[in-house]
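Structure, as structure tokens:
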Amino acid sequence: MAESGKRKRLSHASSSSQTNSSKSSGSQSGTVGEGSYVEGSILRITMKNFLTYDHSVVYPGPSLNMIIGANGTGKSSIVCAICLGLAGKTAIVGRGDKVGIYVKRGCPKGSIELELYKKDGNIVINREIHVENNHSLWMLNGKVSNQKTVEEEVKALQIQVGNLCQFLPQEKVGEFAKMSKVELLEATEKSVGPPEMYGYHCELKNFRNKEREFENIVKEKSSFLEKARQRNERNKYDMNRYYEKKRHLDMIELLEKKKPWVEYETTRKELEDVKKEREEAKKQLSSLRQAQAPMLKKIQHIDNQLKPTEAQIKAKTAAIKEASLKCKQKQDQLDRKHKEIDDIKQNQRLKQMEEEDHQKRISNTRRIIEDMKAEHAKITDQPDVTPRINEVNAELRRIQVERAKIEEEKSDLRREKDNLSAETKALEKKLNDMNNMMNAKEEKLRGRHRDTHAALQWLRQNIGQFGGKVHEPMMLVINVKEHRFAKYVENHIAFHDLRAFVFQKKDDMERFMAEVRDKMNLKVNAISAPEESCSSREPSRNIESLKRFGFFTYLREMFDAPDEVMSYLCQQYRVHDVPVGNDQTKSMIKTVIEEPYLRVLYTTEERYTLKRSFYSNKISTSNSAMHPSQYLSITVDAEEKRQLEQQRKNCESRIKEINERMGALQKEAAALDRQDNELLAEKKRLSELKGKKRQLEQKISTKQDSLRQMENNVIDLQKIEEETKDKIEAVNFQKVDIVKVIVAQMKLRAQLNMDKVYLALETVGLMAEKTKLENDCREGASDLKTTDQKCSRLEQRKVQLTEQCKGLLRRAKSICRMQADESLPEDLRNAFSKLPITLDDIDAMLNEEHSRAECFTGLSESVVDEYNRREQEIKNLEKELEEKSNNLNAYRQNIAEAKERWLNPLKQLVEQINAKFSDFFRQMQCAGEVDLHSENEEEYDKYGIRIRVKFHSSTQLHELTAHHQSGGERSVSTMLYLMALQELNRCPFRVVDEINQGMDPVNERRVFDIVVRTACKETTSQYFLITPKLLQNLQYADEMTVLCVHNGSQMLPPSQWDEKALIRRCLKRKAK
């Protein structure tokens, strides 16, 4: 493989762990010519106490470096050394979050040293890792440095270990296909674009954000300006209305100034008219008073005669009233005497009726006694019923005993039913609590992975479509036995399996995936359980033999699961063979890892993974802290739940039996009740028959005593009649006396009425004469009164108008702002001359002007000020908007220039990548293309690179995603995309770790040929390809460097390795 013109570089390692590398080279010093390496390429990798290595030095070549070795020998350790030595994060390699775990177990510290090629002097980076505090010491070219300085130096060499397009470790291979188009574009720009391309892209994204800000500002300013203009148009209209209103208000003010002057003049003229009318009324009043004097004297004389006569009439009226009152009182006494006689007669009639009723009762009693005697004679002839009564009593006692037994049994059954009902409720409460816990687990699943939850709902609705058993996602059916066990199970089983559905039959799984993944487009996982159950597999060692190390159980014993789920976990995760220990295990870990058959184990807080080298039998371990449980901490004991459900069924069955027995007992009790009622009725009839004779004898005796008593209490009607006559005669004598008094009072009242009539006739004559005189005088008196009232009214009106004139004059001068002795100014006189001269006209005009002014509501002088202020604001806004628009146009021009600087080279770059990528796929008899994808050309943060591939002639090109293609197809696509970048790459090296895993042999051979041809060209940079295996009869190139990693106790030291002898033996074997 080696040519004579090439220098030889050897790797030096300790006897316990070696890395032998063979390639073309001429010097053992490790230095090479500058022309064969790209600046930033790795010249040397030195590892001390790092992962599987005690001490090893690796000299990569300038082109393709193929690192090959069996699993566990230390291939990926070289990748880790490159990443960590160039200040990469531990998350990139994905082996652990603490840098201390990369130090070889049992060593306090380890170191990595990388020598990078640079034209003006190579760069040597040294990182010393200390386990105790996970601390690193950095040295740059032999001088103490820090991580930030190293990162800046690495960045200057365009090395990007965090870019999957440049550095793709084994744990990140699957993530490449998961990258979004935007992420892939950024990674490609950083990896193969010109140094300024990614900067231009970031600048464009920032420009676009600022452009949006400018656009929003201009839009807001334009909108605000338009609104200001619209508002000012409304204000202009309001301003015109304000001036119109002001004209009406000025006219109102002038009218209100003239109105008091018109009122004053009108009142003054009215005062003059009132004065003239008052003088005429006074003269008329004087002549009327002289004509009325004689008639008034005669009327006064008649009034003096009428006064004594009216007094006598009042006295006679009082005497008549008194006599009438006495007559009424005596008449009331007479009525009471009439009523007293009626009461005496009524009392006599009542006594007669009482005696008649008494005689009837006596007759009835005699008849009843005769009837009872006849009935008593009939009863005496009937037989004795006492024996039959005794038989009925005995039967009733028997029924009572049977009824008591039934009630006792019913009482026992009711108590038992109550106890069973209480027990059923308690069981249902426990089951509901368990179901609520299951619902909580479901909610967690829905929150973490909605697609799986949606598929779960579909499965529950369509479970009848499947022929075999189908289990819901593992996280719902796995039930840990104790809360503290949940973290071990969750850390051991990957989440994609925890959310996977488990099928007993593969056909059911395919039907399910076709429905939910292909039709419903849901991202779900499904698993087919092993055909032969593995759930009962025995562990490789009995747990008793491991208890001395602190192990107390195997992982399988910590949880329950359906047989198909447990079978899969035993086959895939070997849960039956993973021991779990405690703090004692942690303290004895160095001894524990030496035990055979242990691959994975757990302590209280950590997980340990052990790998044993196939060659050296050495053990490499990695440990990681366990994350707390998120899903399985909610525990439901499936066996307990089953037992509770069985107990509930048993209780319900027993309650049903009790209800049936209670019904039967109820029917028996009803039959006994009917029989009891019949016997009681018969007993009552017999008892009544037996007691009837005795009762009749008692009743006859009672009735005879009652008859004798009634015969002794007869009423004497003749005596009562005589007493009644005597009482009526006495009352009649009293009535005669009362009638005499009434007659005397009536005579007195008649005499007084005659006297009153004579006096009334005398009064009537005098009143007739007075009336005649008053009628004669009334006509003149009416005129006199009217004239007198008119004079008074005119006098009051004169005083009122005088004061009113004075007040109106003062008011008119005050409104016009004049002095008391000042005359009306000439300008007001001229203005007043143009206005109406009457109050009605002025009021009408004022009402009209007020109505017009009131139409202009909500207006003030501020409207004018607001209009002028907004006019100035609009001018300022127009100026500001013009300035912002000019700035936006200038900024857009800058964006267009920046876009041209970025987009055109990017399109060319993508076209070059597409050409290489498509060519590689054609060589593999498949199809693939790469294009620049953007939904909107102006949204620079949404530009992305889209990879579309087709591996079968019958299908269309599909975008590369983490779900559509198989694992091998994703690996091929990833590898070919990286190879398409290889010739364009401006990065100094690329690392790809075990990407050929999962490829079928045909694709693996084709991809390997493409890698060799592409990576071994003179124009490409350094390339590291790590693989645990190779196909036979592959095509190699002389420019390749093959680094064979061997590890074991039987390996030769580097000083004894004879490369030429090895080549001779290989050629001799090949010749045979």
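Residues in the sequence shown are numbered consecutively from 215, following this note's numbering. Ideal Cβ placement from N, Cα and C applies to all residues, glycine included. If you're wondering where the values come from, they're calculated on a predicted model, not measured in any experiment.
Start and end of the beta strand (DSSP E) containing residue i?
i: Met353; result: 349 to 354
i: Ala839; result: 833 to 839
i: Lys357; result: 357 to 359
i: Phe717; result: 715 to 717
Between the C-alpha atoms of residue i and residue j, what's the straight-line distance to the nearest angstrom?
i: Glu935; j: Asp919; result: 31 Å
i: Thr1228; j: Ser847; result: 53 Å
i: Leu1174; j: Arg1184; result: 7 Å
i: Ala1034; j: Lys460; result: 30 Å
i: Leu485; j: Lys473; result: 18 Å
i: Glu589; j: Leu910; result: 8 Å
i: Leu1049; j: Met1059; result: 9 Å
i: Pro1039; j: Thr480; result: 20 Å
i: Lys1012; j: Ser996; result: 24 Å
i: Glu327; j: Phe1238; result: 18 Å
i: Glu657; j: His663; result: 10 Å
i: Met1254; j: Arg258; result: 16 Å
i: Arg563; j: Phe947; result: 23 Å
i: Asp546; j: Ile952; result: 10 Å
i: Lys332; j: Gly1182; result: 38 Å
i: Lys683; j: Asn285; result: 38 Å
i: Val1216; j: Gln718; result: 33 Å
i: Ala442; j: Ala1104; result: 27 Å
i: Lys619; j: Asn604; result: 23 Å
i: Gln242; j: Val272; result: With a pLDDT of only 30 at Gln242, under the threshold of 50, the placement of this residue in the model should not be trusted, and no figure is reported.
i: Arg826; j: Ile807; result: 10 Å
i: Gln519; j: Arg963; result: 27 Å
Identify whether residue i lies in helix, strand or coil by the three-state DSSP scheme.
i: Pro522; result: helix
i: Pro276; result: coil
i: Met1059; result: helix
i: Leu1281; result: helix
i: Thr481; result: helix
i: Cys748; result: coil
i: Lys332; result: coil
i: Ile1159; result: strand
i: Pro1242; result: coil
i: Ser901; result: helix
i: Pro474; result: helix
i: Lys312; result: coil
i: Ala895; result: helix
i: Leu1171; result: coil
Could you pull the start and end residues of the alpha helix (DSSP H) that residue i belongs to?
i: Lys321; result: The question names Lys, but residue 321 in the sequence shown is Cys. It is not in any alpha helix (DSSP H) - Cys321 carries neither H nor E in the DSSP assignment.
i: Val1205; result: Where Val1205 is concerned, there is no enclosing alpha helix (DSSP H), although the beta strand (DSSP E) it sits in stretches over 1203 to 1207.
i: Glu1218; result: 1215 to 1229
i: Gln679; result: Note, Gln679: premise wrong, no alpha helix (DSSP H); not H, not E.
i: Ser290; result: 289 to 299
Between the Cα of residue i and those of the options, spot the shortest distance and give me the residue it belongs to.
i: Gln679; options: Ala728, Glu704, Ile337; result: Ala728
i: Thr818; options: Ala839, Arg482, His1147, Lys804; result: Ala839
i: Ile343; options: Arg1106, Asp777, Tyr316; result: Tyr316
i: Ser1168; options: Leu468, Gly1182, Thr260, Gln1139; result: Gln1139
i: Leu463; options: Ile620, Ala295, Glu1063, Asp487; result: Glu1063
i: Met688; options: Asp777, Arg628, Gly764, Glu616; result: Asp777
i: Ser749; options: Met1189, Phe773, Asn1118; result: Phe773
i: Lys267; options: Asp1214, Ser1180, Ala295; result: For the record, residue 267 in the displayed sequence is Tyr; it is not Lys. Residue Ala295 is the option with its Cα nearest to Tyr267.
i: Glu1153; options: Lys424, Cys321, Val364; result: Lys424
i: Gln880; options: Ala654, Arg628, Lys544; result: Arg628
i: Gln1137; options: Arg1160, Ile1224, Leu1053; result: Ile1224
i: Phe709; options: Glu427, Tyr787, Leu641; result: Tyr787
Quick check: is any heavy atom of the ligand MN less than 7 Å from the C-beta of residue i?
i: Thr1255; result: In terms of ligand content, the structure shown is empty, and the ligand MN therefore cannot be addressed.
Under a CB-based cut-off of 8 Å, is residue i close to chain D?
i: Ala591; result: Among the chains of the structure shown, chain D does not appear; only one protein chain is present.
field: Complete alpha helix (DSSP H) runs within the region 970 to 1050 (minimum length 4 residues, chain order)
entry: 1040 to 1047
field: Every unbroken alpha helix (DSSP H) within the region 589 to 676, with a cutoff of 4 residues, ordered by chain
entry: 600 to 662, 664 to 675
message: So within the region 505 to 577, which uninterrupted alpha helix (DSSP H) runs reach at least 4 residues, ignoring any that extend past its ends?
response: none
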